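Chemist: Each residue of the sequence shown is one higher than the last, beginning at 23 in this note's numbering.
Can you keep this structure in mind? I'll have questions shortly.
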Amino acid sequence: MGKHLVLAGGGHAHMVTLQNLPQITKRGHQVTVIGPSDFHYYSGMGPGMLGGTYKPEEIRFKTRHVVEKYGCKFIREYIKKIDPQKKVVMLESGKTVSYDAVSFNVGSRVPRDILIEEGAPVFPVKPIEQLHDAKQKVTGLLASSSEKNVILSVVGGGPAACEIAGNLFQLAKRHGMKEPVIRVFAGKKLMAHFPDIIRRSAYKTLSDRGIEIIEQKYVSEIKQTAVMTDSGEAWPSDIVFLAIGVKPTPIFRKSVIETGPDGGLLVNRFLQSPQYPEIFGGGDCIYFKEKPLDKVGVYAVRENPVLFHNLLAFLEDRPLMPFDPGEEYLLIFNMGGGIGILKKKWFFYQGKGAFLLKDFIDRRFMKKFQAIE
Ligand SMILES: Cc1cc2nc3c(=O)[nH]c(=O)nc-3n(C[C@H](O)[C@H](O)[C@H](O)COP(=O)(O)OP(=O)(O)OC[C@H]3O[C@@H](n4cnc5c(N)ncnc54)[C@H](O)[C@@H]3O)c2cc1C
23 MGKHLVLAGG
33 GHAHMVTLQN
43 LPQITKRGHQ
53 VTVIGPSDFH
63 YYSGMGPGML
73 GGTYKPEEIR
83 FKTRHVVEKY
93 GCKFIREYIK
103 KIDPQKKVVM
113 LESGKTVSYD
123 AVSFNVGSRV
133 PRDILIEEGA
143 PVFPVKPIEQ
153 LHDAKQKVTG
163 LLASSSEKNV
173 ILSVVGGGPA
183 ACEIAGNLFQ
193 LAKRHGMKEP
203 VIRVFAGKKL
213 MAHFPDIIRR
223 SAYKTLSDRG
233 IEIIEQKYVS
243 EIKQTAVMTD
253 SGEAWPSDIV
263 FLAIGVKPTP
273 IFRKSVIETG
283 PDGGLLVNRF
293 LQSPQYPEIF
303 GGGDCIYFKE
313 KPLDKVGVYA
323 VRENPVLFHN
333 LLAFLEDRPL
343 MPFDPGEEYL
353 LIFNMGGGIG
363 ILKKKWFFYQ
373 GKGAFLLKDF
383 IDRRFMKKFQ
393 AIE
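Okay, structure coming up:
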């Protein structure tokens, strides 16, 4: 008899499973996909959408459309938690959905560890779709303030913060608008977890454009019109971008299910919960027991074929396949203005070629999966 597979979230790690829904349903199984939006946005192109390089429709995948096209069910809702004993997922509306197997690809979120005054204009860098609203807000503000300098603050010192700052600069330039003040609050130092050569390159790319980088200070509070640092200073600000890293969704901690130290769903080498074998997961929301993985889309993408194989194999009592994270991945940061910073192992390159390569890889990824639509 057919079984019921629930795909919780339609993120990067579920793409191949979504592409192969007919392979699952033709064997008599049912599939339900649950997610808060009809679309899934490709994060690698998010900063480029902010900077105006990409339109929203170029960087998103029509999840609902594809699911329904293949005769499966799509529920547009947030998953709140899971009852692994009863094998049900609980939705925000209070509804429940039971499963024989469930796969989580619900991503990560920017923690709200910083005090934020109510009404403060803050845009966390995730979910990615919010960067489109942020773009409208920034362009509106730049267009309406002919005298006053618009001040844009980016809180965070990692790759996402650099990409956001660089693309805010590009956005203003593209529209021929009065240049805003862009200030990056980088904490201890910009790109602190990267080799010095990358750190220096990112710093120079931003500062050469007049972007201010504030180091050795931590943001303690975001008010409606200012960013406060632990040094007691108030920095006037019109819009704030929050890029202080990401944490897995709190779903698993709330569900009393085994997690890794970061709160991600603990999975073994088959991307399967060791505690509840009918629970699988991929992407930013998991903690891979064998080797903790960076929260980068590259791993979510690499997990795709293994997740698809294992979900179907589990439904049909066939052997599972182990996931191999593979060798060190290629990183390219989109610094705006057509410039990229590329890193692979010891190799480093900065310039237009790096951006063009990223653009090619990202567009190819989108083209491959948008073709299913
Ligand atoms: C600005 C920025 C730029 C980045 N650039 C790159 C890059 O160039 N290369 C790279 O490798 N990595 C990049 N990353 C990291 C990358 O975003 C993540 O590693 C990647 O998004 C992980 O994919 P995912 O599918 O696990 O999560 P997500 O992309 O976050 O997808 C999760 C999905 O689950 C859905 N969802 C969320 N909560 C729920 C819920 N409660 N119930 C149901 N559904 C839910 C969401 O709607 C979404 O569709 C970047 C990150 C940021 C913030």
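The C-beta atom is built at its ideal place from N, Cα and C for all residues, glycine as well.
Small disclaimer: the values here were computed from a predicted structure and weren't measured.
Locate the alpha helix (DSSP H) running through Tyr-321, then write down its first and last residues.
Modeler: Against the sequence shown, residue 321 aligns to sequence position 299. For Tyr-321, the enclosing alpha helix (DSSP H) starts and ends at 319-337.
Chemist: Helix, strand or coil for Leu-193, going by three-state DSSP, please let me know.
Modeler: Counting from one through the sequence shown, the residue named residue 193 turns up at place 171. Leu-193: helix per DSSP, three-state reduction.
Chemist: If you follow the alpha helix (DSSP H) that Gln-238 is in, where does it begin and where does it stop?
Modeler: Here residue 238 refers to the residue found at position 216 of the sequence shown. Premise fails: Gln-238 is in no alpha helix (DSSP H) and is neither H nor E.
Chemist: By DSSP's criteria, Thr-251 is part of a beta bridge. Which residues make up the other side?
Modeler: What you label residue 251 is simply residue 229 of the sequence shown in a count that begins at 1. Bridge partners of Thr-251: Val-241.
Chemist: At the level of alpha carbons, what is the spacing between Val-318 and Arg-205?
Modeler: Counted from its first residue, the sequence shown places residue 318 at position 296. Counted from its first residue, the sequence shown places residue 205 at position 183. One C-alpha to the other measures close to 25 Å.
Chemist: Exposed or buried, what is Met-23 when buried is set at 16 or more other beta-carbons lying within 10 Å of its beta-carbon?
Modeler: Along the sequence shown, read from residue 1 onward, the residue named residue 23 stands at position 1. Met-23 should be labelled exposed.
Chemist: Leaving out five residues before and five after Ile-354 in sequence, what residues of the same chain have Cβ atoms less than 6 Å from its Cβ?
Modeler: Start at 1 with the first residue of the sequence shown, and residue 354 comes out as number 332. Same-chain partners within the cutoff: Gly-362, Leu-364, Ala-376, Lys-380.
Chemist: Could you give the residue range of the alpha helix (DSSP H) that holds Tyr-225?
Modeler: Stepping through the sequence shown from its first residue, residue 225 is reached at position 203. Taken as a continuous stretch (DSSP letters only), the alpha helix (DSSP H) holding Tyr-225 covers 218-229.
Chemist: Quick check for students: name the residue ranges of the alpha helix (DSSP H) that lie wholly in the region 129-173, counting only runs of 4 or more.
Modeler: Within the region 129-173, the complete alpha helix (DSSP H) runs of at least 4 residues are 152-166.
Chemist: What is the rounded straight-line gap between the Cα of Ile-233 and the Cα of Pro-202?
Modeler: In the sequence shown, residue 233 corresponds to position 211, counting from 1. In the sequence shown, residue 202 corresponds to position 180, counting from 1. The alpha-carbon atoms of Ile-233 and Pro-202 are separated by roughly 9 Å.
Chemist: Could you please give the first and the last residue of the uninterrupted alpha helix (DSSP H) stretch that includes Phe-207?
Modeler: Sequence index remark: in the sequence shown, residue 207 carries index 185 (1-based). Here Phe-207 belongs to no alpha helix (DSSP H); instead the beta strand (DSSP E) covers 203-207.
Chemist: According to DSSP, Met-112 sits in a beta bridge with which residue or residues?
Modeler: Here residue 112 is taken as the residue at index 90 of the sequence shown, counted from 1. Lys-103, Thr-118, per the DSSP bridge assignment.
Chemist: Ordered along the chain, which non-local residues of its own chain (more than five positions away) have a Cβ less than 8 Å from that of Ala-256?
Modeler: Here residue 256 refers to the residue found at position 234 of the sequence shown. Closer than 8 Å at the Cβ level, and outside the excluded window around Ala-256, lie Lys-245, Ala-248, Val-249, Met-250.
Chemist: Does Val-176 have its Cβ less than 8 Å from a Cβ in chain D?
Modeler: In the structure shown, chain D cannot be found, because there is only a single protein chain.
Chemist: How is the beta strand (DSSP E) around Val-38 delimited, first residue to last?
Modeler: Taking the sequence shown and counting its residues from 1, one reaches residue 38 at position 16. First-last for Val-38: 37-41, but that is the alpha helix (DSSP H), not the beta strand (DSSP E).
Chemist: Go ahead and label Met-326 buried or exposed: buried means 16 or more other beta carbons lie within 10 angstroms of its beta carbon, across all protein chains shown.
Modeler: Residue mapping note: residue 326 aligns to position 304 of the sequence shown, counting from 1. Going by the sequence as given, residue 326 is Asn instead of Met. Answer is buried; the Cβ neighbour count reaches 16.
Chemist: Quick check on DSSP: helix, strand or coil for Arg-98?
Modeler: Within the sequence shown, numbered from 1, the residue matching residue 98 stands at position 76. Three-state DSSP puts Arg-98 in a strand.
Chemist: With which residues is Leu-27 paired in a DSSP beta bridge?
Modeler: Looking up residue 27 in the sequence shown gives position 5. Answer by DSSP bridge pairing, in chain order: Val-53, Ala-123.
Chemist: Got a sec: does ligand 1 put a non-hydrogen atom nearer than 7 Å to the Cβ of Glu-80?
Modeler: Position 58 of the sequence shown, counted from the first residue, corresponds to residue 80. No.
Chemist: Could you check the C-alpha separation between Asp-11 and Leu-287 for me, to the nearest Å?
Modeler: Outside the shown range of the chain (23 to 395) lies residue 11, about which nothing can therefore be said.
Chemist: May I have the straight-line CA-CA distance separating Lys-181 from Asp-316, to the nearest angstrom?
Modeler: Taking the sequence shown and counting its residues from 1, one reaches residue 181 at position 159. Taking the sequence shown and counting its residues from 1, one reaches residue 316 at position 294. The displayed chain sequence assigns Pro, not Lys, to residue 181. Rounded to whole angstroms, Pro-181 to Asp-316 spans 13 Å at the Cα level.
Chemist: DSSP has Lys-311 in a bridge; who is on the other side?
Modeler: For the purposes of this step, residue 311 is taken as the residue at position 289 of the sequence shown. Partner(s): none; Lys-311 has no beta bridge.
Chemist: Buried or exposed for Asp-230, please, with buried defined as at least 16 other CB atoms from any protein chain shown within 10 angstroms of its CB.
Modeler: Here residue 230 is taken as the residue at index 208 of the sequence shown, counted from 1. When all chains shown are included, Asp-230 counts as exposed.
Chemist: Looking only at C-alpha atoms, which of Leu-264, Gln-238, Gly-267 sits nearest to Gly-254?
Modeler: For this step, residue 254 is matched to residue 232 along the sequence shown. Closest by alpha carbon: Gln-238.
Chemist: Just to confirm, does Thr-281 get its C-beta within under 7 Å of one of the non-hydrogen atoms of ligand 1?
Modeler: What you label residue 281 is simply residue 259 of the sequence shown in a count that begins at 1. Checking the Cβ of Thr-281 against ligand 1 gives no.
Chemist: Any heavy atom of ligand 1 within a distance shorter than 7 Å of the CB on Thr-39?
Modeler: Numbered from 1 along the sequence shown, position 17 holds the residue referred to as residue 39. Because no heavy atom of ligand 1 lies under 7 Å away, the Cβ of Thr-39 does not count as near it: no.
Chemist: Pull up the distance between the alpha-carbon of Gln-107 and that of Ser-175, whole angstroms please.
Modeler: Translated into the one-based positions of the sequence shown, residue 107 becomes position 85. Translated into the one-based positions of the sequence shown, residue 175 becomes position 153. Taking the straight line joining both Cα atoms gives about 45 Å.
Chemist: Roughly how many angstroms separate the alpha carbons of Val-144 and Gln-158, rounded to a whole number?
Modeler: Mapped onto the sequence shown, residue 144 falls at position 122. Mapped onto the sequence shown, residue 158 falls at position 136. Between Val-144 and Gln-158, the C-alpha separation is close to 14 Å.
Chemist: When you compare each of Asn-189, Ser-223, Val-268, Gly-57 to Pro-133 by their alpha carbons, which one comes out closest?
Modeler: For the purposes of this step, residue 133 is identified with residue 111 of the sequence shown, where counting begins at 1. Out of Asn-189, Ser-223, Val-268, Gly-57, Val-268 has the C-alpha closest to the C-alpha of Pro-133.
Chemist: I'd like to know whether the C-beta atoms of Asp-105 and Lys-25 end up nearer to each other than 8 Å.
Modeler: Position 83 of the sequence shown holds residue 105. Position 3 of the sequence shown holds residue 25. For Asp-105 and Lys-25, no; Cβs fall outside 8 Å.
Chemist: For ligand 1, is there a heavy atom less than 7 Å away from the beta-carbon of His-34?
Modeler: In the sequence shown, residue 34 corresponds to position 12, counting from 1. Yes - ligand 1 has a heavy atom lying nearer than 7 Å to the Cβ of His-34.
Chemist: When DSSP labels each residue in this structure, what does Thr-47 get in the three-state scheme?
Modeler: Locating residue 47 in the sequence shown gives position 25, counting from the first residue. Three-state DSSP puts Thr-47 in a helix.
Chemist: Pull up the DSSP beta-bridge partners for Leu-449, would you.
Modeler: Not covered by the structure: residue 449. The range shown for the chain is 23 to 395.
Chemist: Have a look at Ile-261 and Val-160 and give me their C-alpha separation to the nearest angstrom.
Modeler: One-based indexing of the sequence shown puts residue 261 at position 239. One-based indexing of the sequence shown puts residue 160 at position 138. Taking the straight line joining both Cα atoms gives about 8 Å.
Chemist: Within this structure, are the beta carbons of Leu-153 and Cys-184 separated by less than 8 Å?
Modeler: Residue 153 sits at position 131 when you count from the first residue of the sequence shown. Residue 184 sits at position 162 when you count from the first residue of the sequence shown. Contact: no.
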